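First residue of the sequence shown? That's 12 in my numbering, and the numbers climb one at a time after it.
Every residue, glycine too, gets a C-beta built ideally from N, C-alpha and C.
It should be emphasised that the depicted structure is a prediction, and the values quoted were computed from it without experimental measurement.
One structure is given below, encoded as structure tokens.
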Amino acid sequence: MTPEIIIVFSILAGAIILFVTEIIRLDVTALIVLVTLVLTQLIQPDQALSGFSNPAVVTVWAMFILSTGLTRTGVSSFIGISILRFAKQGGGKLIAILMTVTALLSAVMNNTGVAAMFLPITMEIAKRTKQPPSRLLLPMAQGCLLGGLILLIGTASNLVVRDAMREAGFTPLGIFDFAPGGLVILLISVTYMSLIGWRFLPSRSTAQTITYSQEDRKSVV
12 MTPEIIIVFS ILAGAIILFV TEIIRLDVTA LIVLVTLVLT QLIQPDQALS
62 GFSNPAVVTV WAMFILSTGL TRTGVSSFIG ISILRFAKQG GGKLIAILMT
112 VTALLSAVMN NTGVAAMFLP ITMEIAKRTK QPPSRLLLPM AQGCLLGGLI
162 LLIGTASNLV VRDAMREAGF TPLGIFDFAP GGLVILLISV TYMSLIGWRF
212 LPSRSTAQTI TYSQEDRKSV V
């Protein structure tokens, strides 16, 4: 085993420990790994910085910025309130609306950002409809994943594959290439979950945190 391989495995082991323990923020850990690779001369400085100019990385940044903007401006609260107004009683109708909304948002935003944005919303909806959060969190997460199958920008992996195809000399994927199959899969999944699947979802009680303001609460009631 060469010294370079030993160094790489050491950096990888340290990164895993920091990611699992979260002693240091995840983004800081990632930057430490990058700097360590440069200081140990495993990669050149220009190689270390080349990833920041990658279109896939920039697109993911933009999606997270958009998600944060929607949350801080109150759009996410408005979406949650609107879902409650359309399906206050819960059941299959609420799950169908929740999955559809999260899937459509995930199609144009990063699905991880949508899941983070809808986590407090889903918890609040579960509290107001008096049902275990587990019966809504699973469909919400599934909707976020299905949204990544609709448009190219839905998930970071789609963008990475597109760039790899371009570098290999193939015709890169278009933004709507996934749409026909993704929409069919979404329709089938929402139909199944709203009619049959929701009856088999687990009913686990958990602590629920209220995240809406008093004005938002009054508008729902």
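Residue i: first and last residue of the uninterrupted alpha helix (DSSP H) it sits in
i, result
"K141", "Looking at the DSSP string, K141 is not in any alpha helix (DSSP H), and its letter there is neither H nor E."
"E15", "P14 to T32"
"G192", "A190 to L206"
"N169", "A167 to E178"
"M110", "G102 to V119"
"Q58", "P56 to S61"
"T47", "L37 to L50"
Residue i classed as buried or exposed, judged by whether at least 16 other C-beta atoms fall within 10 angstroms
i, result
"T13", "exposed"
"L23", "exposed"
"S168", "exposed"
"R173", "buried"
"M120", "buried"
"W72", "exposed"
"R139", "buried"
"E15", "exposed"
"L170", "buried"
"M134", "buried"
C-beta contact flag for residue i and residue j at 8 angstroms
i, j, result
"G165", "N122", "yes"
"I27", "L53", "no"
"L48", "A59", "yes"
"S214", "S145", "yes"
"L95", "I136", "yes"
"G124", "F63", "no"
Distance cut-off 7 angstroms: residue i Cβ against heavy atoms of the ligand NAD
i, result
"L29", "Ligands displayed in this structure: none; no statement on the ligand NAD is therefore possible."
Tell me, please, whether the segment 153 to 160 touches the segment 185 to 202 by the rule of three or more beta-carbon pairs shorter than 8 angstroms.
Yes, since at least three Cβ pairs between the segment 153 to 160 and the segment 185 to 202 fall closer than 8 angstroms, the two stretches touch.
With a cut-off of 8 angstroms, do at least 3 Cβ pairs link the segment 177 to 190 to the segment 159 to 169?
Result yes; three or more Cβ-Cβ pairs closer than 8 angstroms.
State whether the segment 120 to 129 contacts the segment 76 to 92, with contact taken as three or more CB pairs (one from each stretch) at a distance under 8 angstroms.
Counting Cβ pairs under 8 angstroms, three or more are found: they touch.
Should the segment 138 to 155 be regarded as contacting the segment 100 to 115, the criterion being three or more beta carbon pairs within less than 8 angstroms?
Flag = yes, the segment 138 to 155 and the segment 100 to 115 touch.
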